[in-house]
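Asker: Just passing along the structure, written as structure tokens.
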Amino acid sequence: VPDILIVDDNPDNLDLLTIILDAAGHEVQTAADGRERLEAVTRRIPDVVLLDVEMPDLADRKPYSPEALLQIVARALQEKTARQPRRKAS
Amino acid sequence: MTSETISQAVEVRRPNLRLAFVIIIAGFIISVGISIYAIRNSQAQVRLITTHRLSNIELVSRLLFDLNQERLLVDAHIFEKQKENMDIIEEDLTKVEADISAATGAYEPSDAEVQAALKQLEAELSALPPRVASAISLSRQNLDVEAQKKMRNLQPQFEEIERSSNHLLRLNQTRADEEIARITFLQLSAIILLAILTVVWTVFAILTAIRVTRLIAERETWLRQTMRLLEERNRELDAFAGRVAHDLRAPLNTINLAAAVIDEPKVDTSRASHALRRGVKAMETLIEDLLTLSRISGQTTGTICHVANVVAFVRDDLKPKLDALGALLQIETTDAAVSCSEGLLRQVLWNLGENAVKYRRADVQLQLKILGRATLRSYEITVSDNGMGMSAAEVEHAFEPFFRGKQVKSTPGTGLGLSIVKRVIEASGGSASIDSIPGRGTTFRIQLPLAESKVAWRVTA
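Sequence order for the protein chains is A and B.
Be aware that the first sequence starts at -12, since it is given in the numbering used here, and climbs by one per residue.
Be aware that the second sequence starts at 458, since it is given in the numbering used here, and climbs by one per residue.
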């Protein structure tokens, strides 16, 4: 069963999706908004990322493009994978 | 630019061009009238000269010629010895005398002086035939010397008649000269008057043309501006529709998800039903706000309300919420009639009060102040709080539809509250502005026009 990361700025949506995916037996991680929280996802590398494509960047009011959001997620995951082997080694 | 300012721009000035055109046309008609009058009068004068003066002069010339003829015939009679020839000459003399009386009878005197001269001439002429007749009878008896003597004695009388005739001729000439002078004067004054009128009317027509040209240019500029405004408004409207659709779809997504959860057999559905209700509520609020926004223009035009009434309502509206939070509410307003719909001003103050409640600082007791006072031209209301405040960038966009601040994303709201405030105030002819310090609080400043009665009262006071 694949692990899933959900990125959405609406807390109700996060809750409801988590309930549905939990019931289906997935391991679910959530990130509510912005760069900081997303980059703080460190539990495990998800197999699937569910991404709200119209997340506003709150600093300049412009919604992130899907590409930009994917880049953020990818960078967060990259950093995590870079850290994890080190932890395993030590 | 709002629709109100567009409709205001429509009322461009309309000068009385029709009057200007009427004046120009009247000018040309008057000029033509003067020309016709001058020509007709000249014609009448010319006719007078040709019919009276010239024929009179001709008559006098005929008279003089006849007199000469008479004298020659009398001389011829004196020299003639043959009886039958004398008869022929006498016949001719009778004809000449008849012609003389016909000429004097045909003469038409034009005034008293001419009449007097004519009378004198007639008197002198009437004295002539008997004396000529006596000379002729002497000649018939072949008393030529006596007849000649008789005729010589008549010489001064002939001269007198000639003088009178010449006097009459001169009088006619003078009258004719006077009439010609009158024609010249008439024509000259008509020319001068026409010249003046032409100059005046031409200048007036040129000025009108300049004004019309300028007006057309003005209208064109205005039209272009209006077009640009309308295009801008259309773009804004498109963007607005996009935002509305997006913001309606967001709660719809949540409702969709909630429905999916409720369909799941083995999960706790209480959170789903809460989320569902929240989604419905969010859509309701948004639709409510949109309706308010769309009705603003219609409700505000020409309405007047009293600040004291509105403030009393707002106090009642906000009190329960503020009491529950332990917040302080301070209201200090002087009453005045302002031009704004009562319901909408109430909505404005309620929106601002609710904003203060929503965006309060969690660790500080909320203080909300509503102050109102009349200035010389307008009524100023300030609504201040000691809440989170906004950054300069947020203040800049705060009145735009669907804008929501950085820190307030989690707080429920449609993003239409402040745009409603701005629309209401601007549609009422007022203005709204924001002073805010992040972390200290926000002050909304509203200027509303005083209703006219209030202004009048201030002027007399």
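Heads up, the beta-carbon is just placed ideally off N, CA and C, and yes, glycines get one too.
This one's a predicted model, so the numbers in the text were calculated from it and none came from an experiment.
On the CB-based measure, 16 or more other CB atoms within 10 Å of its CB, does Gln804 (chain B) come out buried or exposed?
Answerer: In the second sequence, counting from the first residue as 1, residue 804 (chain B) sits at position 347. Answer is buried; the Cβ neighbour count reaches 16.
Asker: Going by DSSP in three states, Pro33 (chain A) sits in which element: helix, strand or coil?
Answerer: Indexing the first sequence from 1 puts residue 33 (chain A) at position 46. Coil, per DSSP.
Asker: By DSSP's criteria, Glu789 (chain B) is part of a beta bridge. Which residues make up the other side?
Answerer: For this step, residue 789 (chain B) is matched to residue 332 along the second sequence. B:Leu828, per the DSSP bridge assignment.
Asker: From this set, B:Glu857, B:Val852, B:Val489, B:Gly870, which residue's C-alpha is nearest Thr655 (chain B)'s C-alpha?
Answerer: Here residue 655 (chain B) refers to the residue found at position 198 when the second sequence is read from its first residue. Among B:Glu857, B:Val852, B:Val489, B:Gly870, the Cα nearest to that of Thr655 (chain B) belongs to B:Val489.
Asker: Going by other Cβ atoms of all chains shown within 10 Å of its Cβ, with 16 needed for buried, is Tyr816 (chain B) buried or exposed?
Answerer: Walking along the second sequence from the start, residue 816 (chain B) turns up at place 359. Buried, since its Cβ has 16 or more Cβ neighbours within 10 Å.
Asker: According to a CB-to-CB cut-off of less than 8 Å, which residues of the region 706 to 728 of chain B neighbour chain A?
Answerer: Listed in sequence order: Ala707, Asn710, Thr711, Leu714, Ala715, Ala717, Val718, Glu721, Lys723, Val724, Asp725, Arg728.
Asker: 9 Å is my cut-off, CB to CB: does Ile(-9) (chain A) come that close to chain B?
Answerer: The residue labelled residue -9 (chain A) in the question sits at position 4 within the first sequence. Output row for Ile(-9) (chain A): interface = no.
Asker: Identify, in the order they occur along the chain, each residue of the same chain with its Cβ nearer than 8 Å to the Cβ of Met726 (chain B), setting aside the five sequence neighbours on each side.
Answerer: Reading the second sequence from its first residue, position 269 is the one you call residue 726 (chain B). Residue identity check: residue 726 (chain B) is Thr in the sequence provided, not Met. Closer than 8 Å at Cβ, skipping near neighbours: Val718, Ile719.
Asker: Taking the alpha-carbon of Gly829 (chain B) as reference, which of B:Lys778, B:Ala850, B:Arg692, B:Ala769 has the nearest alpha-carbon?
Answerer: Along the second sequence, one-based indexing puts residue 829 (chain B) at 372. Of B:Lys778, B:Ala850, B:Arg692, B:Ala769, the residue nearest in Cα terms is B:Ala769.
Asker: Are the CB atoms of Ala793 (chain B) and Leu907 (chain B) within a distance shorter than 9 Å?
Answerer: On the second sequence, residue 907 (chain B) is found 450 positions in, with the first residue counted as 1. On the second sequence, residue 793 (chain B) is found 336 positions in, with the first residue counted as 1. Cβ atoms of Leu907 (chain B) and Ala793 (chain B): closer than 9 Å.
Asker: DSSP puts His763 (chain B) in a beta bridge; with which residues?
Answerer: Residue numbering aside, residue 763 (chain B) sits at position 306 when the second sequence is read from its first letter. Answer by DSSP bridge pairing, in chain order: B:Ala794.
Asker: By the three-class DSSP mapping on this structure, what secondary structure does Phe901 (chain B) have?
Answerer: Looking up residue 901 (chain B) in the second sequence gives position 444. Here Phe901 (chain B) sits in strand by DSSP.
Asker: Can you list the residues of chain B that Ala18 (chain A) reaches, using a CB-CB cut of under 7 Å?
Answerer: Within the first sequence, the letter at position 31 stands for residue 18 (chain A). Under the 7 Å cutoff, chain B gives no residues; its nearest Cβ is about 14 Å from Ala18 (chain A).
Asker: Pull the bridge partners of Pro906 (chain B) from the DSSP assignment, please.
Answerer: On the second sequence, position 449 is the one that residue 906 (chain B) refers to. Answer is B:Ser835, bridged to Pro906 (chain B).
Asker: For Leu64 (chain A) and chain B, any beta-carbon pair shorter than 9 Å?
Answerer: Walking along the first sequence from the start, residue 64 (chain A) turns up at place 77. Judged by the 9 Å Cβ criterion, Leu64 (chain A) is not in contact with chain B.
Asker: So that I know if they touch, is there some Cβ in chain B lying closer than 9 Å to that of Leu3 (chain A)?
Answerer: For the purposes of this step, residue 3 (chain A) is taken as residue 16 along the first sequence, with counting starting at 1. For Leu3 (chain A), the answer is yes, since a Cβ of chain B falls inside 9 Å of its Cβ.
Asker: From Arg475 (chain B) to Phe485 (chain B), what does the alpha carbon distance come to, in whole angstroms?
Answerer: Along the second sequence, read from residue 1 onward, the residue named residue 475 (chain B) stands at position 18. Along the second sequence, read from residue 1 onward, the residue named residue 485 (chain B) stands at position 28. Approximately 16 Å between the Cα atoms of the pair.
Asker: Using DSSP bridges, identify the partner residues of Lys891 (chain B).
Answerer: Your numbering for residue 891 (chain B) matches position 434 in the second sequence. Correcting the residue type first, residue 891 (chain B) is Ile in the shown sequence and not Lys. Answer is B:Phe901.
Asker: Return the residue from the list B:Ala781, B:Val764, B:Glu789 that minimises the CA-CA distance to Gly800 (chain B).
Answerer: Counted from its first residue, the second sequence places residue 800 (chain B) at position 343. Here the closest residue by C-alpha is B:Val764.
Asker: Could you tell me whether the Cβ atoms of Arg504 (chain B) and Ala633 (chain B) are closer together than 9 Å?
Answerer: Reading the second sequence from its first residue, position 47 is the one you call residue 504 (chain B). Reading the second sequence from its first residue, position 176 is the one you call residue 633 (chain B). It is not a contact, given that the beta carbons lie outside the stated cut-off.
Asker: Name the chain A residues that come within less than 8 Å of Arg734 (chain B), Cβ to Cβ?
Answerer: Taking the first residue of the second sequence as 1, we reach residue 734 (chain B) at position 277. Residues of chain A passing the Cβ test: none, with the nearest at roughly 10 Å.
Asker: Quick one: is Arg861 (chain B) buried, meaning 16 or more other Cβ sit within 10 Å of its Cβ, or exposed?
Answerer: Translated into the one-based positions of the second sequence, residue 861 (chain B) becomes position 404. The residue in question, Arg861 (chain B), is buried, as its Cβ has 16 or more Cβ neighbours within 10 Å.
Asker: Would you list, in sequence order, the uninterrupted alpha helix (DSSP H) runs of no fewer than 4 residues that lie entirely inside the region 551 to 622 of chain B?
Answerer: Entirely contained in the region 551 to 622 of chain B, the alpha helix (DSSP H) runs reaching 4 residues are, in chain order, 569 to 597.
Asker: To which residues does DSSP link Ile(-9) (chain A) through a beta bridge?
Answerer: Numbered from 1 along the first sequence, position 4 holds the residue referred to as residue -9 (chain A). DSSP output for Ile(-9) (chain A) lists A:Val15, A:Val35 as bridge partner(s).
Asker: What distance in whole Å lies between the Cβ atoms of Ile491 (chain B) and Leu643 (chain B), which are believed to be in contact at a cut-off of 8 Å?
Answerer: In the second sequence, residue 643 (chain B) corresponds to position 186, counting from 1. In the second sequence, residue 491 (chain B) corresponds to position 34, counting from 1. About 11 Å; that fails the 8 Å criterion.
Asker: Exposed or buried, which one is Pro858 (chain B) when buried takes at least 16 other CB atoms within 10 Å?
Answerer: By one-based count along the second sequence, residue 858 (chain B) stands at place 401. So Pro858 (chain B) counts as buried.
Asker: To which residues of the same chain is Ala46 (chain A) closer than 8 Å at the C-beta, ignoring the five residues directly before and after it?
Answerer: Within the first sequence, numbered from 1, the residue matching residue 46 (chain A) stands at position 59. Bear in mind that a pLDDT of 47 at Ala46 (chain A), under 50, signals an unreliable position, so the model cannot answer this.
Asker: With distances taken Cα to Cα, identify the nearest neighbour of Asn0 (chain A) among A:Leu38, A:Val(-12), A:Ile32.
Answerer: The sequence position of residue 0 (chain A) within the first sequence is 13, counting from 1. Of the listed residues, the one whose Cα sits closest to Asn0 (chain A) is A:Leu38.
Asker: In angstroms, rounded to a whole number, what distance separates the CA positions of Asp659 (chain B) and Ala674 (chain B)?
Answerer: By one-based count along the second sequence, residue 659 (chain B) stands at place 202. By one-based count along the second sequence, residue 674 (chain B) stands at place 217. The amino acid at residue 659 (chain B) is misidentified as Asp; the sequence shows Thr. About 22 Å.
Asker: Identify every residue that forms a DSSP beta bridge with Ser841 (chain B).
Answerer: As a first step, residue 841 (chain B) must be located in the second sequence, where it is residue number 384. DSSP, once it has assigned bridges, lists B:Lys826, B:Thr900 as partnering Ser841 (chain B).
Asker: Count the other C-beta atoms from every protein chain shown that fall within 10 angstroms of the C-beta of Glu23 (chain A), then say buried if there are 16 or more, exposed otherwise.
Answerer: By one-based count along the first sequence, residue 23 (chain A) stands at place 36. With a pLDDT of 49 at Glu23 (chain A), under the threshold of 50, the modelled position of this residue cannot be trusted, and the question is left open.
Asker: How would you label Glu554 (chain B), buried or exposed, when you count the other beta carbons within 10 angstroms and need 16 or more for buried?
Answerer: By 1-based counting over the second sequence, the position of residue 554 (chain B) is 97. It counts as buried.
Asker: Exposed or buried, Ser893 (chain B), counting other C-beta atoms within 10 Å across all chains shown (16 or more means buried)?
Answerer: Numbered from its first residue, the second sequence carries residue 893 (chain B) at position 436. It counts as buried.
Asker: Can you tell me where the alpha helix (DSSP H) holding Arg880 (chain B) begins and where it ends?
Answerer: Numbered from 1 along the second sequence, position 423 holds the residue referred to as residue 880 (chain B). Element bounds for Arg880 (chain B): 874 to 884.
Asker: Pull up the distance between the alpha-carbon of Gly562 (chain B) and that of Arg588 (chain B), whole angstroms please.
Answerer: What you label residue 562 (chain B) is simply residue 105 of the second sequence in a count that begins at 1. What you label residue 588 (chain B) is simply residue 131 of the second sequence in a count that begins at 1. The alpha-carbon atoms of Gly562 (chain B) and Arg588 (chain B) are separated by roughly 21 Å.
Asker: What's the C-alpha gap between Ile891 (chain B) and Glu677 (chain B)?
Answerer: In the second sequence, counting from the first residue as 1, residue 891 (chain B) sits at position 434. In the second sequence, counting from the first residue as 1, residue 677 (chain B) sits at position 220. Between Ile891 (chain B) and Glu677 (chain B), the C-alpha separation is close to 37 Å.
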